[in-house]
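**Student:** Sharing a structure here in structure tokens format.
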Amino acid sequence: MTTQIEDHRRPFLAWPALRWPDGLRLSPLVLVLIGILLIAVVPPGLFLLNASVHETLPDGSNGAFTWRFYQQLVSGRFFLPSLVNTMIYACGSAVIAITIGTVQALIVERTNTPGRKLAFLAAIISLGVPHILYTVAWLLLLGRSGPVNDLISSLFNTTQALDVYSLWGMMLIEGVGFVPLTFLLMSAVLRSTDASFEEAAMMSGASPLRAFASVTLRMALPALAGLTLLIFVKAFESFEVPALVGLAGNVNVITTMIYQSSRHAGSPNYGEAGAYSICLIVILLGLMIWQNQLSRHANRYQTITGKGFRPRVIDLGGWRFAAAALLIGLFLMVTVIPVAMLAFTSFQPFYGGVSVESFTRLSLENYQSLLGPGSFRDSILNTLTLGATTATIVVPFTALCAWLVVRRARGAWIIDQIASVPLVFPAIILSVAFLDVFVNSSLPLYGTLLSVILASSVRYLPYGMRYAVAGAMQVHTDLEEAATISGASRARVFFKILAPLLAATLISSWLLIFLLSVQAVSLPLLLVGPGSEVMAVTLFELWQNGQVTELAAMGVLWIALMTCVSVMFHMLTRRHQMTI
Numbered sequence: 000m001t002t003q004i005e006d007h008r009r010p011f012l013a014w015p016a017l018r019w020p021d022g023l024r025l026s027p028l029v030l031v032l033i034g035i036l037l038i039a040v041v042p043p044g045l046f047l048l049n050a051s052v053h054e055t056l057p058d059g060s061n062g063a064f065t066w067r068f069y070q071q072l073v074s075g076r077f078f079l080p081s082l083v084n085t086m087i088y089a090c091g092s093a094v095i096a097i098t099i100g101t102v103q104a105l106i107v108e109r110t111n112t113p114g115r116k117l118a119f120l121a122a123i124i125s126l127g128v129p130h131i132l133y134t135v136a137w138l139l140l141l142g143r144s145g146p147v148n149d150l151i152s153s154l155f156n157t158t159q160a161l162d163v164y165s166l167w168g169m170m171l172i173e174g175v176g177f178v179p180l181t182f183l184l185m186s187a188v189l190r191s192t193d194a195s196f197e198e199a200a201m202m203s204g205a206s207p208l209r210a211f212a213s214v215t216l217r218m219a220l221p222a223l224a225g226l227t228l229l230i231f232v233k234a235f236e237s238f239e240v241p242a243l244v245g246l247a248g249n250v251n252v253i254t255t256m257i258y259q260s261s262r263h264a265g266s267p268n269y270g271e272a273g274a275y276s277i278c279l280i281v282i283l284l285g286l287m288i289w290q291n292q293l294s295r296h297a298n299r300y301q302t303i304t305g306k307g308f309r310p311r312v313i314d315l316g317g318w319r320f321a322a323a324a325l326l327i328g329l330f331l332m333v334t335v336i337p338v339a340m341l342a343f344t345s346f347q348p349f350y351g352g353v354s355v356e357s358f359t360r361l362s363l364e365n366y367q368s369l370l371g372p373g374s375f376r377d378s379i380l381n382t383l384t385l386g387a388t389t390a391t392i393v394v395p396f397t398a399l400c401a402w403l404v405v406r407r408a409r410g411a412w413i414i415d416q417i418a419s420v421p422l423v424f425p426a427i428i429l430s431v432a433f434l435d436v437f438v439n440s441s442l443p444l445y446g447t448l449l450s451v452i453l454a455s456s457v458r459y460l461p462y463g464m465r466y467a468v469a470g471a472m473q474v475h476t477d478l479e480e481a482a483t484i485s486g487a488s489r490a491r492v493f494f495k496i497l498a499p500l501l502a503a504t505l506i507s508s509w510l511l512i513f514l515l516s517v518q519a520v521s522l523p524l525l526l527v528g529p530g531s532e533v534m535a536v537t538l539f540e541l542w543q544n545g546q547v548t549e550l551a552a553m554g555v556l557w558i559a560l561m562t563c564v565s566v567m568f569h570m571l572t573r574r575h576q577m578t579i
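Residue numbers (numbering that gives the first Met the number 0): 0 to 579.
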């Protein structure tokens, strides 16, 4: 009897395996999933590499073989300046985001500031503002006819005090935009840091501020370094701020150079865009390897042991109200004021700045035209279809992949590695890569909504894997083994046991992928065509065409919808104690 039970308790995912000549044994299901991932991930990279070493013909196809585009990168006068601008822009954005976000996290997690827990809800709400709308709002505030310039000019009797269309403007907008994400991630780090070391420092005579700087931040150094590198990489590959702010001020970075090469007024130069893209991928890959090396030494800073720990809350006394005012000020700066500026602009027949006269021009005309039949409804429908379809494709697929990875099925580690490959591709580069695939494909995919769905599904595979793996690790194998002993098939166990237990995780993952895919600009920008426009691209084109008030009205409606999705995501993650 014991032998029979042991036979039933064999590794749950020990499918009949295929023996390869080198002795590697893989189950058929693992092979099928590896094949699907290779088909989804490998062709864009190969087409991108191939395009970078071929001339581009007028119809978009590849011509003669050449190394010309790589030689131009070295000898040309555009690549190095744009690379320097990219480095400065990414560094400045990371410094601003880390500084403000860390201070906010310290106040919330380590002090008795009243109402500090509402900062989490404020951060989630701010994540519901699409980055392109956030950028537009700041341009309206800090632009040539914006209220900030008007105020400074009236106070100091100058013409134009600030020129936001510059490198510092790009760093400010991008850095402040990353503050909510930085706050959420740093809060998780500080919440799990033992406060006994801080108490020992303060008992030795150190002030709370010195204890934070000398003890708390040093213990969080690996997380802080990793987060800084993460923000640096995200800014390095960003597109919205460089496109809306940098191009208007003649400040080029690598992503805008790639975009301009792909959307050349004459004929697109996919070879030049491919060469820029390959160089950017190499740089980002090096940064990611460096980040991985930093995480290897994180054990030196471990403070949570079997003795238990408790985060210490410091009584600020009368200063707690000043800290509360600072949190409110940050919320106003990061979310309320930009959204209020968009809302004000949406009620204007034309944008002429903020003045007493402008309040006499308030009108619902923009909303009436948007809610009537037209392209706005089509963009909404296309965007919702894009988000829902992308999330519905990615979540079940990554749930199955994560199940195999967590249960250590033979060869499942290959699935995990391939599914992580899209992280190396910035969105604009993945857009160029899929553009090369679709232009040179015999299937009529270019310019269709299906092309954007396919590219988005590949883009967000790593995000789905992260959530699915975290959820599957929480399900013990005893439940699956008990069902197997009772005669349930492996497919029935997955759908009847694992899927219901992972329901909260999968719904949260679905909402996250939906939120990310409908807000993306750079990925669908090069892939959409007539009839397949999505909201983010429509907003980008409205700004390019100078239709500011229509953009603002459309943006306010879109922010309201995205905020609802963000709050639902926040409620699910908090209820089931999942990390964001």
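Note that CB positions come from ideal geometry on N, CA and C, so glycine has one too.
As the structure is a computational prediction, the values presented were derived from the model and not from experiment.
Under a Cβ-count criterion, where at least 16 other Cβ atoms within 10 Å of its own Cβ denotes burial, should serine 565 be classed as buried or exposed?
**Tutor:** As a first step, residue 565 is located in the sequence shown; it is residue number 566 there, counting from the start. Serine 565 comes out buried.
**Student:** If you drop the 5 nearest sequence neighbours on each side, which residues of the same chain put their C-beta closer than 7 Å to that of aspartate 314?
**Tutor:** As a working mapping, residue 314 is identified with position 315 in the sequence shown. Excluding residues within five positions, the ones whose Cβ falls inside 7 Å are Asn111.
**Student:** Give every residue of the same chain whose Cβ lies closer than 7 Å to the Cβ of alanine 104, excluding the five residues on either side of it in the sequence, and list them in chain order.
**Tutor:** Sequence index remark: in the sequence shown, residue 104 carries index 105 (1-based). Contacts found: Phe182, Met185, Ser186, Leu189.
**Student:** Are the Cβ atoms of alanine 398 and alanine 467 separated by less than 7 Å?
**Tutor:** Counted from its first residue, the sequence shown places residue 398 at position 399. Counted from its first residue, the sequence shown places residue 467 at position 468. Against a cut-off of 7 Å, the Cβ pair of alanine 467 and alanine 398 comes out as a contact.
**Student:** Does DSSP put histidine 53 in a helix, a strand or coil?
**Tutor:** Here residue 53 refers to the residue found at position 54 when the sequence shown is read from its first residue. Here histidine 53 sits in strand by DSSP.
**Student:** Per DSSP, what are the beta-bridge partners of asparagine 61 in this structure?
**Tutor:** Here the question's residue 61 lines up with position 62 in the sequence shown. According to DSSP, which records beta bridges pairwise, asparagine 61 is partnered with Thr55.
**Student:** Grouping DSSP H, G and I as helix and E and B as strand, with all else coil, what is threonine 391?
**Tutor:** Translated into positions along the sequence shown, residue 391 becomes position 392. Helix.
**Student:** Kindly list the residues whose CB is nearer than 6 Å to the CB of glycine 127, restricted to its own chain and excluding five residues on each side of it in sequence; keep chain order.
**Tutor:** As a working note, residue 127 is residue 128 in the sequence shown. When the five nearest sequence neighbours on each side are left out, the beta carbons in the same chain lying within less than 6 Å of the beta carbon of glycine 127 are those of Met561, Thr562, Ser565, in order along the chain.
**Student:** Cutting at 6 Å between CB atoms, please list the residues of its own chain near alanine 471, excluding the five before and the five after it.
**Tutor:** Counted from its first residue, the sequence shown places residue 471 at position 472. So the list reads Ala401, Trp402, Val405, once near-sequence residues are dropped.
**Student:** Nearest by alpha-carbon distance to glycine 44: which of Val423, Leu243, Glu173, Ile97 is it?
**Tutor:** Your numbering for residue 44 matches position 45 in the sequence shown. Cα-wise, what sits closest to glycine 44 is Val423.
**Student:** Out of curiosity, what's the CA-to-CA distance linking alanine 411 and serine 507?
**Tutor:** For the purposes of this step, residue 411 is identified with residue 412 of the sequence shown, where counting begins at 1. For the purposes of this step, residue 507 is identified with residue 508 of the sequence shown, where counting begins at 1. One C-alpha to the other measures close to 24 Å.
**Student:** Let's test the definition: count the other Cβ atoms within 10 Å of the Cβ of alanine 583 and tell me whether it reaches 16, buried, or not, exposed.
**Tutor:** The first residue shown for the chain is 0 and the last is 579, placing residue 583 beyond what the model contains.
**Student:** Whole angstroms are fine: how far does the CA of valine 451 sit from the CA of valine 102?
**Tutor:** Reading the sequence shown from its first residue, position 103 is the one you call residue 102. Reading the sequence shown from its first residue, position 452 is the one you call residue 451. Cα to Cα, the separation comes out at about 39 Å.
**Student:** Would you call the CB atoms of valine 353 and proline 146 closer than 7 Å?
**Tutor:** Taking the sequence shown and counting its residues from 1, the one referred to as residue 353 is at position 354. Taking the sequence shown and counting its residues from 1, the one referred to as residue 146 is at position 147. Their beta carbons are under 7 Å apart, which means valine 353 touches proline 146 by this criterion.
**Student:** How far does the alpha helix (DSSP H) with arginine 489 in it extend, from its first residue to its last?
**Tutor:** In the sequence shown, the residue the question calls residue 489 occupies position 490. Element bounds for arginine 489: 489-492.
**Student:** With 16 other CB atoms within 10 Å as the buried threshold, where does valine 338 fall?
**Tutor:** Position 339 of the sequence shown, counting from 1, holds the residue named residue 338. When all chains shown are included, valine 338 counts as buried.
**Student:** So, helix, strand or coil for glycine 34, using DSSP?
**Tutor:** Along the sequence shown, read from residue 1 onward, the residue named residue 34 stands at position 35. Three-state result, glycine 34: helix.
**Student:** Taking the C-alpha atoms as reference points, what is the distance between glycine 22 and isoleucine 414?
**Tutor:** For the purposes of this step, residue 22 is identified with residue 23 of the sequence shown, where counting begins at 1. For the purposes of this step, residue 414 is identified with residue 415 of the sequence shown, where counting begins at 1. Note that glycine 22 scores 45 on pLDDT, short of 50, meaning its location in the model is unreliable and no value can be drawn from it.
**Student:** For alanine 160 versus serine 153, is the C-beta spacing smaller than 7 Å?
**Tutor:** As a working mapping, residue 160 is identified with position 161 in the sequence shown. As a working mapping, residue 153 is identified with position 154 in the sequence shown. Cβ distance not < 7 Å, so alanine 160 and serine 153 don't count as in contact.
**Student:** If distances are taken between C-alpha atoms only, which option among Ser368, Ile496, Ile417 comes closest to glycine 34?
**Tutor:** Walking along the sequence shown from the start, residue 34 turns up at place 35. Ranking Ser368, Ile496, Ile417 by Cα distance to glycine 34 puts Ile417 first.
**Student:** Which value, in whole angstroms, describes the spacing of the CA atoms of glycine 371 and alanine 519?
**Tutor:** Looking up residue 371 in the sequence shown gives position 372. Looking up residue 519 in the sequence shown gives position 520. About 25 Å.
**Student:** What would DSSP say about leucine 157, mapped onto helix, strand or coil?
**Tutor:** Here residue 157 corresponds to residue number 158 of the sequence shown, with the count starting at 1. Correcting the residue type first, residue 157 is threonine in the shown sequence and not leucine. Coil, per DSSP.
**Student:** Exposed or buried, what is phenylalanine 396 when buried is set at 16 or more other beta-carbons lying within 10 Å of its beta-carbon?
**Tutor:** Residue mapping note: residue 396 aligns to position 397 of the sequence shown, counting from 1. The residue in question, phenylalanine 396, is buried, as its Cβ has 16 or more Cβ neighbours within 10 Å.
**Student:** Here's the rule: buried if 16 or more other CB atoms are within 10 angstroms of the residue's CB, otherwise exposed. What is tryptophan 289?
**Tutor:** Taking the first residue of the sequence shown as position 1, residue 289 is located at position 290. Exposed.
**Student:** Which residue marks the beginning of the alpha helix (DSSP H) containing glycine 174, and which one marks its end?
**Tutor:** In the sequence shown, residue 174 corresponds to position 175, counting from 1. Counting along the chain, the alpha helix (DSSP H) containing glycine 174 begins and ends at 166-176.
**Student:** By Cβ distance below 7 Å, which residues in the same chain neighbour arginine 360 in space, the five residues on each side in sequence not counted?
**Tutor:** If you number the sequence shown from 1, residue 360 lands on position 361. Correct list, in chain order: Gln347, Pro348.
**Student:** Look at serine 51 and isoleucine 253 and say whether their C-beta atoms are less than 7 Å apart.
**Tutor:** By 1-based counting over the sequence shown, the position of residue 51 is 52. By 1-based counting over the sequence shown, the position of residue 253 is 254. In this structure, isoleucine 253 does not lie closer than 7 Å to serine 51 by Cβ.
**Student:** For my contact list, alanine 247 and tyrosine 258 are in at a C-beta cut-off of 8 Å; report their separation, rounded to the angstrom.
**Tutor:** Here residue 247 is taken as the residue at index 248 of the sequence shown, counted from 1. Here residue 258 is taken as the residue at index 259 of the sequence shown, counted from 1. Going by Cβ atoms, the distance from alanine 247 to tyrosine 258 rounds to 14 Å, so no, they are not a contact pair.
**Student:** DSSP on threonine 447, reduced to helix/strand/coil?
**Tutor:** Stepping through the sequence shown from its first residue, residue 447 is reached at position 448. Note: threonine 447 maps to coil in three-state DSSP.
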